[in-house]
Amino acid sequence: MSPLRRPLVAANWKMHLVRSEAELLARTVVAGAAAGGPEVVLFPSFPLLPAVAAVLAASEVGLGGQDLHAEAAGAHTGDVSGEQLVDAGCAWVLVGHSERRRDHAETNSVVAGKATAAFRAGLRPILCFGETAAERRQGEMEAVLLRQVEALLSPLAGRRAQEFALAYEPVWAIGTGDTARPDEVQEAHALVRRRLQQALGDAVAGEVRLLYGGSVKPENAADLAAEPDVDGFLVGGASLDAERFLAIMARSASLGGSAPRRRHP
Ligand code: PGA
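Under our numbering, think of the first position of the sequence shown as -9, with each following residue one higher.
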């Protein structure tokens, strides 16, 4: 964690919760979000967005959708556009989550199209990437990550660091309880930040937040966040439990000690 970057902690609720549960969880997160803490964003499933937006309205906690279609409108049954997410109160959107890549055959080029669509709609995407267990075993981790990031460079060209974030989510660590080690996470984040530096320049690469996701819990959050290139978390399972999620928020905020942090708009 660098003092340049305010920690960002995102809750990916996936296909969980009904409205009453989502409202209660959102209310608890709002009550626990301390001034000077990390930036916090909740990602409920689409039908829950209006109810959660109402809870978050007077707070600093942000709201995002879990996916978007590349087009603004059209004959795409079951899909949701970035423009519709903005209309529902979202400022953020997840793009390229491995569960979308796996369940909906989203390729790197589909993901790039969605990143472009997010910017067109005025949303801030959290762009997800990560290798599978087999790819890591075969020594392909670096090549896979660089290919996934490469596909994003064109949509990211000319963007300010505050307009997006990236999330390294090794597929083998998601929902498995098998968290990546802090040094493994740091290695992947440093690799990606170096590539961003070459492509987008020092200012953007130095200020953009690189999140880690994959079985983040209160017990491992502080160690992960102590790595210099870990700027926050994308939390799945543990974000469904208010107490555990608040503990992760608290451990992310304490990173970087008392160094002053520049707050992003
Ligand atoms: P997990 O999910 O925390 O349950 O591993 C992370 C994610 O998929 O974003």
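Positions of the beta carbon are idealized from the N, C-alpha and C atoms, including for glycine.
- Annotated three-state conformation of F154 is coil, per DSSP.
- Taking non-hydrogen atoms of ligand 1 into account, the C-beta of S35 is found less than 7 Å away from none of them.
- The alpha-carbon separation between R126 and A12 amounts to approximately 36 Å.
- In terms of Cα proximity to A62, the closest of A1, V76 and R199 is V76.
- Going by DSSP, L53 is part of the beta strand (DSSP E) stretching over G52 to G55.
- Approximately 6 Å separates the beta-carbon atoms of I238 and V(-1); this is inside 8 Å, confirming the contact.
- Distance between A170 and A157, taken at the CA atoms: about 13 Å.
- Following the DSSP letters along the chain, one finds P172 in no beta strand (DSSP E) but inside the alpha helix (DSSP H) bounded by residues P172 to L190.
- Assignment of A1 by DSSP, reduced to helix, strand and coil, places it in the strand class.
- If you check the C-beta of S205 against ligand 1, you find a heavy atom less than 7 Å away.
- Of the heavy atoms belonging to ligand 1, at least one sits nearer than 7 Å to the Cβ of G226.
- Counting only residues of its own chain and dropping the five nearest sequence neighbours on each side, G196 has a CB closer than 7 Å to the CB of L(-6).
- About 7 Å separates the beta carbons of L7 and P34, which is inside the 8 Å limit, making them a contact pair.
- Of the candidates R199, L143 and D173, L143 places its Cα closest to the Cα of Q188.
- The C-beta distance from L46 to V20 rounds to 6 Å, short enough to fall under 8 Å.
- Distances between the C-beta of G55 and the heavy atoms of ligand 1 are all 7 Å or more.
- In summary, R(-4) is buried, with 16 or more beta-carbon neighbours lying within 10 Å of its beta-carbon over all protein chains present.
- Distances from the CB of I238 to the heavy atoms of ligand 1 are all 7 Å or more.
- Within the same chain, G103, K104 and A107 come within 6 Å of A60 by CB-CB distance, once the 5 residues on both sides are set aside.
- With a beta-carbon spacing of about 20 Å, G222 and V161 fall beyond the 8 Å limit used to define contacts.
- Counting every other CB atom within 10 Å of its CB across the protein chains shown gives M131 a total of 16 or more, marking it as buried.
- Under the DSSP definition of a beta bridge, F36 lacks any partner.
- Inclusion of V175 and A1 in the CB contact set at 8 Å is not warranted, their separation being larger than that value.
- With contacts defined by Cβ atoms closer than 8 Å, L53 and G22 do not form a contacting pair.
- Bounds of any beta strand (DSSP E) do not take in R(-5), whose DSSP letter is neither H nor E.
- With contacts defined by Cβ atoms closer than 8 Å, G204 and E159 form a contacting pair.
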